[in-house]
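Numbering (my numbering), first residue to last: 564 to 846. Backbone N, C-alpha and C define an ideal beta-carbon position, used for all residues, glycine too. Since the model is a prediction, treat every value here as computed from it, not as a measurement. For reference, the structure is listed below as structure tokens.
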């Protein structure tokens, strides 16, 4: 059943709590305020467009535990300083054409769940997306910008990112602690301090067909990790002390990275086995 909400003064949290499985809540243009919401049934929330339908999440935002499918579309979601906009455990969430912003911690956290994001923008958070053990995540045609610590941090999960833009984040994508990731056809711009991509602590990654520009370190692989790094273009990356590709800590790199990638107008060496001065932040 479709539930149309035209009054932005409506108690949206109550409407969500009273929704039946399979309902779609349609929000008109405007600003809505939502307190803590425990999502316990399968439903969808659809707005009129990011920037047009704005939800300010107070408290702990959307909490999804064991929900088969929670879908949000065409919304701007603004978090509080001390919690996530959305947290998922034991379930599935899909977001399309949504903005996630305003969280000092992570805007979205997934553990033992499945998540899919398309055409979303994560900006001005601590972490754009924080992914825990057992998470399976797909990201396509999204943008991550000005996330202070990292755009995406995944620990013990599976991640696929394609066709997305990472711009001016602290760290771009961190794949750690036995995680697996495929980063295909993305663009990384202006990461002047921490790596655009970091693969650490027995993680495994395929980094292929990406473009890196003005990144201090393009790809860092360390601590018993494995990686395929091929068909990427690195432009104006590195500096006098920092290589474009940094490999250290008994890692396994498949293929010849110098032959299978393109390096243009570099500011530092293309490859080195150690690197100094790059912080490796832990959440």
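Minimum C-alpha distance to residue i - residue among the options
{"i": "residue 787", "options": "799, 798, 762 and 804", "result": "762"}
{"i": "residue 764", "options": "657, 797 and 813", "result": "813"}
{"i": "residue 662", "options": "669, 675 and 682", "result": "682"}
{"i": "residue 753", "options": "743, 735, 771 and 730", "result": "730"}
{"i": "residue 817", "options": "622, 802 and 770", "result": "770"}
{"i": "residue 703", "options": "658, 590 and 633", "result": "658"}
{"i": "residue 803", "options": "778, 796 and 825", "result": "778"}
Extent of the continuous alpha helix (DSSP H) to which residue i belongs
{"i": "residue 771", "result": "Not the alpha helix (DSSP H): residue 771 falls in the beta strand (DSSP E), residues 767-771."}
{"i": "residue 575", "result": "575-580"}
Bridge partner(s) assigned by DSSP for residue i
{"i": "residue 595", "result": "618"}
{"i": "residue 706", "result": "684 and 728"}
{"i": "residue 716", "result": "693 and 737"}
{"i": "residue 829", "result": "BP columns for residue 829 are empty, so no partner."}
{"i": "residue 565", "result": "587"}
{"i": "residue 817", "result": "791"}
{"i": "residue 810", "result": "784"}
{"i": "residue 602", "result": "627"}
{"i": "residue 662", "result": "639 and 684"}
{"i": "residue 607", "result": "587 and 634"}
{"i": "residue 657", "result": "634 and 679"}
{"i": "residue 652", "result": "628 and 674"}
Residue j beta carbon less than 8 angstroms from that of residue i
{"i": "residue 597", "j": "residue 627", "result": "no"}
{"i": "residue 791", "j": "residue 833", "result": "no"}
{"i": "residue 775", "j": "residue 798", "result": "yes"}
{"i": "residue 670", "j": "residue 697", "result": "no"}
{"i": "residue 613", "j": "residue 639", "result": "yes"}
{"i": "residue 800", "j": "residue 781", "result": "yes"}
Counted within 10 angstroms of its Cβ, other Cβ atoms place residue i as buried (16 or more) or exposed
{"i": "residue 785", "result": "buried"}
{"i": "residue 718", "result": "buried"}
{"i": "residue 567", "result": "exposed"}
{"i": "residue 710", "result": "buried"}
{"i": "residue 732", "result": "buried"}
The beta strand (DSSP E) enclosing residue i, as first and last residue numbers
{"i": "residue 669", "result": "669-674"}
{"i": "residue 823", "result": "Run containing residue 823: none in the beta strand (DSSP E); it sits in the alpha helix (DSSP H), 820-823."}
{"i": "residue 759", "result": "Premise fails: residue 759 is in no beta strand (DSSP E) and is neither H nor E."}
Interface flag, residue i vs chain D, CB-CB below 8 angstroms
{"i": "residue 692", "result": "Here there is only one protein chain, and chain D is not present."}
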